[in-house]
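If you read the sequences in order, they're chains D and R.
All the letters of the first sequence, read from the start, carry residue numbers 1410 to 1623 under the working numbering.
All the letters of the second sequence, read from the start, carry residue numbers 1410 to 1623 under the working numbering.
Structure record follows, encoded as structure tokens.
Protein chains: 2
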Amino acid sequence: MDRPVTEDASAGGPRHPPRGRRPSTTRRQIARAALELFAAHGYEETTVEQVAAAAGISRRTIFRYFPTKADLVWGEFDDELERLADQLAAAPADEPIFDVVRRAVVATNHFGAGALDELRIRITLITTVPALVAHSALRYGAWLDVVARFAARRLDADPEDLRARTVAHVALGAATAAYEHWAASGGDDPAPELDRAMALVAGGFDADDASVRS
Amino acid sequence: MDRPVTEDASAGGPRHPPRGRRPSTTRRQIARAALELFAAHGYEETTVEQVAAAAGISRRTIFRYFPTKADLVWGEFDDELERLADQLAAAPADEPIFDVVRRAVVATNHFGAGALDELRIRITLITTVPALVAHSALRYGAWLDVVARFAARRLDADPEDLRARTVAHVALGAATAAYEHWAASGGDDPAPELDRAMALVAGGFDADDASVRS
DNA sequence: TCCATTCTGGCATCCAGTGTTATAAATTGG
DNA sequence: CCAATTTATAACACTGGATGCCAGAATGGA
Chain D
1410 MDRPVTEDAS AGGPRHPPRG RRPSTTRRQI ARAALELFAA HGYEETTVEQ
1460 VAAAAGISRR TIFRYFPTKA DLVWGEFDDE LERLADQLAA APADEPIFDV
1510 VRRAVVATNH FGAGALDELR IRITLITTVP ALVAHSALRY GAWLDVVARF
1560 AARRLDADPE DLRARTVAHV ALGAATAAYE HWAASGGDDP APELDRAMAL
1610 VAGGFDADDA SVRS
Chain R
1410 MDRPVTEDAS AGGPRHPPRG RRPSTTRRQI ARAALELFAA HGYEETTVEQ
1460 VAAAAGISRR TIFRYFPTKA DLVWGEFDDE LERLADQLAA APADEPIFDV
1510 VRRAVVATNH FGAGALDELR IRITLITTVP ALVAHSALRY GAWLDVVARF
1560 AARRLDADPE DLRARTVAHV ALGAATAAYE HWAASGGDDP APELDRAMAL
1610 VAGGFDADDA SVRS
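In structure tokens, the structure reads:
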């Protein structure tokens, strides 16, 4: 009802009232409308035109808020990336690299019961719809960079160092497996699955390790 | 010069002469024409129409040989998948899971000097062009299934088992990191990079392990 | 020759994504 | 209150990948 005034809840600078015409909607509102349609009728079956209609704006405006149709599903992924980077940077210097990544990934993936339903819809779409599986590789690129940069710092190496990139790619692989598994089997919080997958890696897939058998 | 007669060099059944009109070209020829154009002018800058013209066929026919533009870059990836599956199946039953995967991946990625140039073009495109990075997630899906099925057999578990899927995703991560690194830094055979990346994982990223420091 | 089969080309269509332009809604300054 | 400026939106046109459909070309067989 009240106009969305760009919902800037962050600690901002001096509050100049915004200059021109106010946005008629928010990213959040558009994404929510899209997700409902995708969940109800399927991603491929829903056109951007229909999302626009549901959100009460024009097709062209959708693409000003989101660069691609696939990005409608990803919500505020960039924010999560920042939290991950902070977690990594704050880790004690003597903690082993992969342990830090493991802790950080798990820590940034705790969700309240309220957000779980929406999260499951998102992850199910991302891990099952081919167009979204494909797109995820692009979003994960930034994730890889964050983790690889951290690993490179710890190894005193270049961000393109094979070891640093491998740490990142492997961590992403474990996280992807965990999320895929969580979305398919109706668990509760995805954090335990994440921790278990990362533990397997940290143990080097040693078949004698109890963590593998648990 | 001579007509391409569907180049079926495999050990076939009884040789009925093919029935209807013969194909005017081959997948190989089309892919080669496409790769040249992509390398020369860029992937996004080249339209399927131009590939068709270079291959001497119509745009529509391109999409009968290849389901998407991106698949033009992937060549005979399916064949490689079969070889990987065979390698995995032939491994001794007492060899640790990840060691088997490591050996199989390395073994299926030896290339003669003649094929290296084309491989590097392919991998460079796949790891740098956003549309191809995205598409790769779809092709790797089949790769994941092959490795996960192997791991599941070894673990006497379901193919969707978290451990099996994690093994597959993590192996793919390591392989991706290796290939990415190989394409960027002009090495020779990608196999050593693959082996090194997989060794890091097998060692659990233990910083005291010599394999990590080498 | 007539027929069945296989491949190709051309056309129409859908949809995601982009550039452009006009217009609406808001603030600032007179 | 009016004009200038700024920002957001809508409407339109256009590109290019992908798909369905159908007519026609090219082959072997009866």
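For glycine and all other residues, C-beta sits at the position ideal for the given N, C-alpha and C.
With a beta-carbon spacing of about 13 Å, residue 1553 of chain D and residue 1571 of chain D fall beyond the 8 Å limit used to define contacts.
Among the residues facing chain R, residue 1609 of chain D is included, as its CB has a counterpart in that chain under 8 Å away. With a threshold of 16 other beta carbon atoms within 10 Å, residue 1437 of chain D falls short and is exposed.
Here residue 1613 of chain D is buried, its C-beta having at least 16 other C-beta atoms within 10 Å. Under a 10 Å Cβ-count criterion, residue 1511 of chain R is classified as buried, with 16 or more other Cβ atoms of the shown protein chains found around its own Cβ. For residue 1545 of chain D, the chain R residues whose C-beta falls within less than 9 Å of its own C-beta are 1543, 1546, listed in chain order.
If you keep only unbroken alpha helix (DSSP H) runs of at least 4 residues inside the segment 1480–1534 of chain D, you get 1486–1498, 1506–1516.
The closest CA to that of residue 1498 of chain D, considering only D:1531, D:1522, D:1578, D:1560, is found on D:1560.
Residue 1428 of chain D and residue 1603 of chain D have their C-alpha atoms spaced approximately 45 Å apart. Under the Cβ distance rule, residue 1582 of chain D counts among the residues neighbouring chain R, one pair being separated by less than 8 Å. If you check each beta-carbon in the segment 1428–1448 of chain R against every beta-carbon of chain D, none falls closer than 9 Å. Taking residue 1477 of chain D as the centre and dropping the five residues before and after it, the same chain places no C-beta closer than 6 Å to its C-beta. At least one CB of chain R lies nearer than 8 Å to the CB of residue 1571 of chain D. When the Cα atoms are used, residue 1556 of chain R and residue 1494 of chain R turn out to be separated by approximately 8 Å.
A residue is called buried once 16 or more other Cβ atoms fall within 10 Å of its Cβ, and residue 1545 of chain R is buried on that count. Of the candidates D:1469, D:1431, D:1516, D:1516 places its Cα closest to the Cα of residue 1491 of chain D. The three-state reading of DSSP puts residue 1538 of chain R in coil, since its state is none of H, G, I, E or B.
If you ignore the 5 residues before and after residue 1481 of chain R, its C-beta comes within less than 6 Å of the C-beta of 1440, 1443, 1475, all in its own chain and listed in chain order. Residues of the segment 1506–1520 of chain R whose Cβ lies closer than 7 Å to any Cβ of chain D, in chain order: 1506, 1507.
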